[in-house]
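Going by my numbering, the residue at position 296 of the sequence shown is 353; the numbering climbs one at a time, nothing skipped. Yeah, the Cβ is synthetic: ideal placement off N, Cα and C, and Gly gets one too. Please read these numbers as outputs of a predicted model, since none were measured by experiment. Structure, as structure tokens:
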Amino acid sequence: METMDAPGAAIRRADAGQLVLVAAIWGASYLFIRIAAPAFGPVAMAGARALLAALMMLPLLLWQGLGGTALRHWKGIALVGVTNVALPFLLFNFAALAIPAGLSSILSSTTPLFAALIGAIWLGEALTLQRMAGLAIGFAGVLLLVADKVHLGQGPLWQTLAASVACLAATMLYGFTGNFTRRYLAHVPPVAVAAGSQVAAAALLAMPMAVTWPDTMPSTHAWTALLALCALCTTFAYVLFYGMVARLGASRAMSALFLIPAFGVLWGGVFLDEPFTARMAACCGVILSGCALTMGFVKLPGWRRARVAGRAPR
């Protein structure tokens with residue numbers, strides 16, 4: 058299928074609308090986690106989310122006839138289930154107990170930074186001066202963001218900082234998984250990896266979920282948030298996103314990532330009355346600027362070819 062990854066190609070209005078829709082849905086995931094995590098608990102919610110997402114994605118896997126493909130690559134897919142599903146679910150749930158949804162969405166925007174850093178260290182990808190500058194700017198934005206207690210939350214400082222570290226650890230795992238799948242699972246259809254990893258995570262978290270299930274049944278409000286998280290953010294947005302990858306190319310589709318923090322902050326402010334300070338806006342801009350440089354969306358003249366570190370990928 059022909060894509061529109063060429064720099065000068067125009068994006069159709071319908072595709073631009075889908076980019077915004079995907080970003081809005083993924084930005085809402087932090088709202089849903091913030092609502093549901095206190096009711097279910099971090100572990101039980103992670104297990105329930107993986108189980109429900111697996112049940113929703115399995116029909117798509119079977120409909121496309123990819124069950125056998127997932128089984129043939131079960132080891133790599135199982136690892137993705139740990140690093141891209143189970144552990145990030147746990148970490149974001151833990152973070153949601155202490156910090157606002159908007160802050161979680163801003164911290165999670167560092168995924169491209171970790172992906173570039175891990176790619177350079179592990180896969181030997183070239184680190185140009187531009188990418189180095191992007192990494193430095195992006196992580197400087199993170200430090201500025203967490204240095205101010207005002208917007209971090211109402212709990213003790215150690216708790217809010219631990220929650221911020223949990224968000225960053227989850228995004229680091231996403232960065233690792235992106236490099237792992239690109240190296241070892243690039244030939245496997247994305248639906249097989251996504252559905253199979255949810256199944257693997259559900260199996261891993263089944264016992265912990267049963268042991269930690271809350272004595273008091275979570276409210277309808279919490280269940281609605283969990284179901285919306287699984288149906289909209291995990292299943293529906295995923296299908297839309299990979300449809301855009303097929304039509305627009307990966308780099309164009311990835312531009313949706315830059316809108317997620319804006320929607321995360323918006324939904325947190327509208328539905329949870331969370332604060333949004335000028336410092337948060339400035340730090341978010343710094344982080345996203347670093348990501349844009351790292352991902353190559355913004356070009357610095359003369360910096361692109363200057364290679365600083367990394368060896369040729371094998």
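Problem - CB of arginine 188 within 9 Å of CB of alanine 197, strictly - result: no
Problem - beta-carbon arginine 106 near the ligand HEM non-hydrogen atom, thresh 8 Å - result: Judged by which ligands are present, the structure shown has none, so any question about the ligand HEM falls away.
Exercise for the section: Reducing DSSP to helix, strand and coil, say where threonine 269 ends up. Expected result: helix
Exercise for the section: Give a yes or no on whether the C-beta atoms belonging to glycine 230 and leucine 148 are separated by under 9 Å. Expected result: A quick correction: the sequence has leucine, not glycine, at residue 230. Yes, these two residues count as a Cβ contact at 9 Å.
Practice task
Can you say whether aspartate 129 is buried or exposed, counting buried as having 16 or more other CB atoms within 10 angstroms of its CB?
Solution key: One detail in the question is off: residue 129 reads as arginine in this sequence, not aspartate. In summary, arginine 129 is exposed, with fewer than 16 beta-carbon neighbours lying within 10 Å of its beta-carbon over all protein chains present.
Practice task
Check whether the Cβ atoms of methionine 301 and alanine 313 lie closer than 9 Å to each other.
Solution key: yes
Handout entry: Sub-9 Å separation of phenylalanine 315 and leucine 88 beta-carbons
Key = no
Exercise for the section: Assuming leucine 218 and valine 203 form a contact by the criterion Cβ under 8 Å, report the distance between their Cβ atoms to the nearest whole angstrom. Expected result: 7 Å
Problem - Close Cβ partners of cysteine 396 (< 8 Å) along its chain, the five nearest in sequence each way excluded - result: Residue numbering for the chain in the displayed model covers 58 to 371; residue 396 lies beyond these limits and cannot be assessed.
Handout entry: Sufficient close CB pairs (3 or more, under 8 Å) joining the segment 340–355 to the segment 161–168
Key = Cβ pair count under 8 Å is three or more, so yes.
Exercise for the section: On a CA-only basis, which of Ala153, Val137, Val355 is nearest leucine 225? Give me that one, please. Expected result: Ala153
Problem - asparagine 150 - containing alpha helix (DSSP H), residue span - result: Unbroken alpha helix (DSSP H) run through asparagine 150: 144–153.
Practice task
Take methionine 352 and list the residues in its own chain whose beta-carbon comes closer than 8 Å to its own, dropping the five residues that flank it on each side.
Solution key: Pro169, Ala173, Gly191, Ser308, Met311
Problem - Identity of the residue in Ala110, Ala111, Gly122, Ala103 nearest leucine 144 by Cα - result: Ala103
Handout entry: Counted within 10 angstroms of its Cβ, other Cβ atoms place alanine 267 as buried (16 or more) or exposed
Key = exposed
Handout entry: Residue span of the alpha helix (DSSP H) that contains arginine 336, given as start and end
Key = Element bounds for arginine 336: 335–352.
Handout entry: proline 213 vs threonine 126 beta-carbon contact at 9 Å
Key = no
Exercise for the section: Could you check the C-alpha separation between serine 276 and glutamine 216 for me, to the nearest Å? Expected result: Each residue's Cα considered, the two are about 26 Å apart.
Practice task
Taking 9 Å as the cut-off, decide whether the C-beta atoms of threonine 292 and asparagine 141 are in contact.
Solution key: Contact flag unset, no.
Practice task
Take leucine 201 and list the residues in its own chain whose beta-carbon comes closer than 6 Å to its own, dropping the five residues that flank it on each side.
Solution key: Cys340, listed in sequence order.
Problem - Candidates Ala111, Ile92, Pro116, of which the one nearest phenylalanine 151 by Cα - result: Ile92
Problem - Identity of the residue in Gly159, Leu112, Leu286, Leu118 nearest aspartate 330 by Cα - result: Among Gly159, Leu112, Leu286, Leu118, the Cα nearest to that of aspartate 330 is on Gly159.
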